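These protein sequence lines map, in sequence, to chains E, P, D and G. Residue numbers for the first sequence follow the working numbering, beginning at 1 and rising by one. Residue numbers for the second sequence follow the working numbering, beginning at 1001 and rising by one. Residue numbers for the third sequence follow the working numbering, beginning at 2001 and rising by one. Residue numbers for the fourth sequence follow the working numbering, beginning at 3001 and rising by one.
There are 4 protein chains.
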Amino acid sequence: MIKVIISGFNGSMGQKAVKMVNDSEDMQLVAGFNPVVTDLDPKAYGLAENVKIFNKLTDINLAADIWIDFSIPTAVFNNTKFAIEQGIRPVIGTSGMSENQTTELKKLADAEQLGGIIASNFGLSAVLMMKFAQVAAKYFAESEIIEKHHEDKIDAPSGTALNTARLIYEARGENQAQPSSEDPMHTRGGDYHGTKIHALRLPGFVADEEVIFGGIGETLTISQSTSDRQSFMTGVKLAVHEVMKQNQLVIGLEQII
Amino acid sequence: MIKVIISGFNGSMGQKAVKMVNDSEDMQLVAGFNPVVTDLDPKAYGLAENVKIFNKLTDINLAADIWIDFSIPTAVFNNTKFAIEQGIRPVIGTSGMSENQTTELKKLADAEQLGGIIASNFGLSAVLMMKFAQVAAKYFAESEIIEKHHEDKIDAPSGTALNTARLIYEARGENQAQPSSEDPMHTRGGDYHGTKIHALRLPGFVADEEVIFGGIGETLTISQSTSDRQSFMTGVKLAVHEVMKQNQLVIGLEQII
Amino acid sequence: MIKVIISGFNGSMGQKAVKMVNDSEDMQLVAGFNPVVTDLDPKAYGLAENVKIFNKLTDINLAADIWIDFSIPTAVFNNTKFAIEQGIRPVIGTSGMSENQTTELKKLADAEQLGGIIASNFGLSAVLMMKFAQVAAKYFAESEIIEKHHEDKIDAPSGTALNTARLIYEARGENQAQPSSEDPMHTRGGDYHGTKIHALRLPGFVADEEVIFGGIGETLTISQSTSDRQSFMTGVKLAVHEVMKQNQLVIGLEQII
Amino acid sequence: MIKVIISGFNGSMGQKAVKMVNDSEDMQLVAGFNPVVTDLDPKAYGLAENVKIFNKLTDINLAADIWIDFSIPTAVFNNTKFAIEQGIRPVIGTSGMSENQTTELKKLADAEQLGGIIASNFGLSAVLMMKFAQVAAKYFAESEIIEKHHEDKIDAPSGTALNTARLIYEARGENQAQPSSEDPMHTRGGDYHGTKIHALRLPGFVADEEVIFGGIGETLTISQSTSDRQSFMTGVKLAVHEVMKQNQLVIGLEQII
Chain E
1 MIKVIISGFN GSMGQKAVKM VNDSEDMQLV AGFNPVVTDL DPKAYGLAEN
51 VKIFNKLTDI NLAADIWIDF SIPTAVFNNT KFAIEQGIRP VIGTSGMSEN
101 QTTELKKLAD AEQLGGIIAS NFGLSAVLMM KFAQVAAKYF AESEIIEKHH
151 EDKIDAPSGT ALNTARLIYE ARGENQAQPS SEDPMHTRGG DYHGTKIHAL
201 RLPGFVADEE VIFGGIGETL TISQSTSDRQ SFMTGVKLAV HEVMKQNQLV
251 IGLEQII
Chain P
1001 MIKVIISGFN GSMGQKAVKM VNDSEDMQLV AGFNPVVTDL DPKAYGLAEN
1051 VKIFNKLTDI NLAADIWIDF SIPTAVFNNT KFAIEQGIRP VIGTSGMSEN
1101 QTTELKKLAD AEQLGGIIAS NFGLSAVLMM KFAQVAAKYF AESEIIEKHH
1151 EDKIDAPSGT ALNTARLIYE ARGENQAQPS SEDPMHTRGG DYHGTKIHAL
1201 RLPGFVADEE VIFGGIGETL TISQSTSDRQ SFMTGVKLAV HEVMKQNQLV
1251 IGLEQII
Chain D
2001 MIKVIISGFN GSMGQKAVKM VNDSEDMQLV AGFNPVVTDL DPKAYGLAEN
2051 VKIFNKLTDI NLAADIWIDF SIPTAVFNNT KFAIEQGIRP VIGTSGMSEN
2101 QTTELKKLAD AEQLGGIIAS NFGLSAVLMM KFAQVAAKYF AESEIIEKHH
2151 EDKIDAPSGT ALNTARLIYE ARGENQAQPS SEDPMHTRGG DYHGTKIHAL
2201 RLPGFVADEE VIFGGIGETL TISQSTSDRQ SFMTGVKLAV HEVMKQNQLV
2251 IGLEQII
Chain G
3001 MIKVIISGFN GSMGQKAVKM VNDSEDMQLV AGFNPVVTDL DPKAYGLAEN
3051 VKIFNKLTDI NLAADIWIDF SIPTAVFNNT KFAIEQGIRP VIGTSGMSEN
3101 QTTELKKLAD AEQLGGIIAS NFGLSAVLMM KFAQVAAKYF AESEIIEKHH
3151 EDKIDAPSGT ALNTARLIYE ARGENQAQPS SEDPMHTRGG DYHGTKIHAL
3201 RLPGFVADEE VIFGGIGETL TISQSTSDRQ SFMTGVKLAV HEVMKQNQLV
3251 IGLEQII
């Protein structure tokens, strides 16, 4: 049994992680951590009696294999550092760490030969889409990206769309050529080294992403659609299993699939 | 048999019109007209012997029911006027006439109770898409448009995309509300009274158009795809048959479907 | 204020109806009904204090404008009959009534000049899709339908797909011609008077439906996607408002849009 | 300059190959071969004066680097064998060879350390789609395939759809589980080891293919669309360049991308 501690266990993503662990035959939730909770009774959160609830890092004194973190940007660095020092493999989905912080944590874990992962996106379909786009970019000189999100998303484009454009650019090693066209209404989208990005914001969408490659007489489209954010937990589960076999910390789910 | 004259018979669209007429059991091509041709032998254009070729309007002296016009912007007004004066019903696909010219031709034809049509788009799927979008706009307050064309199209957005946005706006009678969002790369598309338009230009596409309506928990998408411009002739054929029954000139294929 | 009673108020769809009514500025929830509840305290269901809870039809003695019903097949006929007799306009989303029952209820309501609606599908995008498909069927002789649902749906095809095929057939008045083709694996889908229906069952989908019309060189596609069944309440809300203006009972949301 | 001979130079695909070679800056068409032509004047085929036309294999006596073959099933084996014996690298798009024949040709070429390729599909988007599907199959346990072709295609499913299903099955190493469902109309498609295949036949499509992978709350779709079969030549061109660097004969475009 893989023993798991979940940091941010009662937040939106944390609850999904709890469900994933409980639904997995080879994992056991041993503790939940959140500095802002006051009630330490697991039943208050619908958890089994033998799950410990902590609100202070330094109180955590039990053996565990995996530290899943869906907490907040200001806490994640200290949480992860603590986990590594305790020999608990980190699986970190909380965003907001600087590159310096990430590098420091990787050094720390690698020195201990401790497996771990820090990933901004645990969506398997999104990560595979990006991987495939990198390959297709070598064979198709022209591509555009469309992303569709719910109307409450306040920024555009999405991180996934921008990452995809960046990976395409890196795979090609040069800007995509763009023919000049008359476009008084600015309908041609945002430009990332020649790859155009189009963002839609409409109710009815959760999070969809599409990369289209065009060649003479043919197009190749890789698209992913999210209907429920529980989907992220498929990637977290995959990461947990992989991290148990690794002896270093990796950055990005794409490193292990 | 419906007797047809085709103006611009040897141009790109004219040839498609010739094919459509020849493939139709109830139509007969009686003449082709183009002021720039010098060879008046129908065989030089792969046409049957009994098809007359003219290069001067005033030479055209034979009875016909329909005048199909795929010529050039500077010629279409005079061509259409001539057809109406001869009692030949005009089916006009050539663009470039002013509103004044169109109005004058309509008056002329209506006075004679002569059926006819002037249309910028004979694509049946595009025209139906626009009709449906008008209806959907009454039930969904939010919509966006994506159009995809080959990389050689030099302007954006397409006329069809812009027309669709206009029809949506008219059906609603008010601007679509747009939540403010951070969009430093300008990925949110062109704005037409709140409906966003996104234009893609990639090899592999001929002409695709998509209108997406979003509501709570659902989306409705109406899309059309063109793989071959011969598709326009389905609309021209429909128009020919309809115009034979009409006693006035109409503007736009949507008026008769 | 439109006063609303919700039958089946604490079921899955009933709760969505409660949310819709509470979110609407011109509606007020006056009562919830369910014969199986024993606790009549509205707070037990998160409802406002002034909402009455009933578990016997004959106890319902308060004035109301609308009876929304998301109960069960064996109860819906009696519920609806009771509502009509009380002069409360029925908006019925519960399935399972026979044609005879529906006809009897319509006679009853029409005699009282009472507005009402019985609909198997309150999904606005699905109903519009079907309406548009009926129109397109007149102009395109060939069409196929694809529907995609979650893997737990135990029957295929979906009711919406089959209804769409039926409406297409009725609009054409004749079978769609099918070229014979070799198909040893039976990949060409189910056949409804020549329109092929293809059903997919995969996790990740909630309920998607797509009708594709094909002509020379072009296709027209009308598709709808459901990401959250709260979408049904857009149609219920529309129906409530429309039913307040009607003086007869109609069958099907398509009758009022 | 890469010197190219095209076998079947005046057939439908052969002409596309001629166009591709003429459009390539680093290739030169030196000869066309077809046993059924009688006119050996290159101008009769719109070719440059210095292109030789042959109608007998044994007459071909000029130096060349590449033998592109789009001929007929009964001729391709002998053509390819001849090319290898002359030290001309074969790029074979003609289908119809047995596995034995293919193996024999590979042995022959490998013994000479001669690069070459035999491929049933030079469509780059289709081949990449299949490659990506193989990878995705490892992470998603459930998938279905939809293919859409013009109404004149007489067999179903397409070779590409079936190949994709086979690659998915091989990647998984086990059958895909299928929940039992009621399906009286047979709408659930053809079955290949649990992966369902759905074939559509409608005018307006050339050749489209789509693989959908479904997981909890998400879907991943890889699709390719062909609007013009000139697209095959992108793959042929890529193969020509790659084959110049290889010292063995490979089977399938996927081996070199």
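Note that beta-carbon positions come from the ideal geometry of N, C-alpha and C, so glycine has one too. On a predicted model such as this, the values are computed, not experimentally measured, just so you know.
Cβ of residue i within 9 Å of any chain G Cβ
i                       : result
residue 1007 of chain P : no
residue 99 of chain E   : no
residue 228 of chain E  : yes
residue 142 of chain E  : no
residue 1205 of chain P : yes
residue 238 of chain E  : yes
residue 213 of chain E  : yes
residue 2155 of chain D : yes
residue 123 of chain E  : yes
Top-ranked residue by Cα proximity to residue i, from the options
i                       : options                        : result
residue 2087 of chain D : D/2043, D/2164, D/2062         : D/2062
residue 1058 of chain P : P/1034, P/1165, P/1065         : P/1034
residue 1010 of chain P : P/1039, P/1002, P/1003, P/1024 : P/1039
residue 93 of chain E   : E/168, E/2, E/114, E/121       : E/121
residue 3 of chain E    : E/15, E/28, E/108              : E/28
residue 2145 of chain D : D/2244, D/2138, D/2166, D/2104 : D/2166
residue 3229 of chain G : G/3103, G/3200, G/3219, G/3205 : G/3205
residue 2240 of chain D : D/2036, D/2131, D/2256, D/2207 : D/2256
residue 3135 of chain G : G/3207, G/3221, G/3209, G/3005 : G/3221
residue 251 of chain E  : E/54, E/133, E/46, E/99        : E/99
residue 2109 of chain D : D/2173, D/2130, D/2083         : D/2083
residue 153 of chain E  : E/5, E/249, E/207              : E/207
residue 115 of chain E  : E/123, E/132, E/151, E/85      : E/85
residue 2055 of chain D : D/2012, D/2036, D/2125, D/2203 : D/2036
residue 246 of chain E  : E/111, E/44, E/104             : E/111
C-beta atoms of residue i and residue j nearer than 9 Å
i                       : j                       : result
residue 3074 of chain G : residue 3096 of chain G : yes
residue 66 of chain E   : residue 90 of chain E   : yes
residue 3070 of chain G : residue 3008 of chain G : yes
residue 3176 of chain G : residue 3141 of chain G : yes
residue 1 of chain E    : residue 26 of chain E   : yes
residue 2052 of chain D : residue 2021 of chain D : no
residue 3236 of chain G : residue 3017 of chain G : yes
residue 2216 of chain D : residue 1231 of chain P : yes
residue 1224 of chain P : residue 2219 of chain D : yes
residue 3324 of chain G : residue 3143 of chain G : It is not possible to answer for residue 3324 of chain G, since the shown part of chain G is limited to 3001 through 3257.
residue 210 of chain E  : residue 130 of chain E  : no
residue 1064 of chain P : residue 1117 of chain P : no
residue 1156 of chain P : residue 183 of chain E  : yes
Chain D contact for residue i (CB, 9 Å cutoff)
i                       : result
residue 3167 of chain G : no
residue 3148 of chain G : yes
residue 3217 of chain G : yes
residue 1045 of chain P : no
Beta carbon proximity, residue i to chain P, threshold 9 Å
i                       : result
residue 3231 of chain G : yes
residue 2222 of chain D : yes
residue 2135 of chain D : yes
residue 2131 of chain D : yes
residue 85 of chain E   : no
Neighbour flag for residue i against chain E, beta carbons, 9 Å
i                       : result
residue 2225 of chain D : yes
residue 1068 of chain P : no
(Q) Report the start-end ranges of each alpha helix (DSSP H) in the segment 3154–3193 of chain G that is 4 residues or longer and not cut off at the edges. (A) DSSP assignment within the segment 3154–3193 of chain G yields the following whole alpha helix (DSSP H) runs of 4 residues or more, N-terminal first: 3159–3172.
Q.
Pairs of beta-carbons, one from the segment 2189–2204 of chain D and one from the segment 1188–1200 of chain P, closer than 8 Å: are there three or more?
A. No, the segment 2189–2204 of chain D does not touch the segment 1188–1200 of chain P.
**Q.** Continuous beta strand (DSSP E) assignments of at least 3 residues falling wholly in the segment 2095–2151 of chain D
**A.** With a minimum length of 3 residues, the continuous beta strand (DSSP E) runs that stay inside the segment 2095–2151 of chain D are 2116–2118, 2142–2149.
Q: Give, in chain order, every unbroken run of the beta strand (DSSP E) that is at least 3 residues long and sits entirely within the segment 1020–1048 of chain P.
A: As far as the segment 1020–1048 of chain P is concerned, its whole beta strand (DSSP E) runs of at least 3 residues are 1027–1033.
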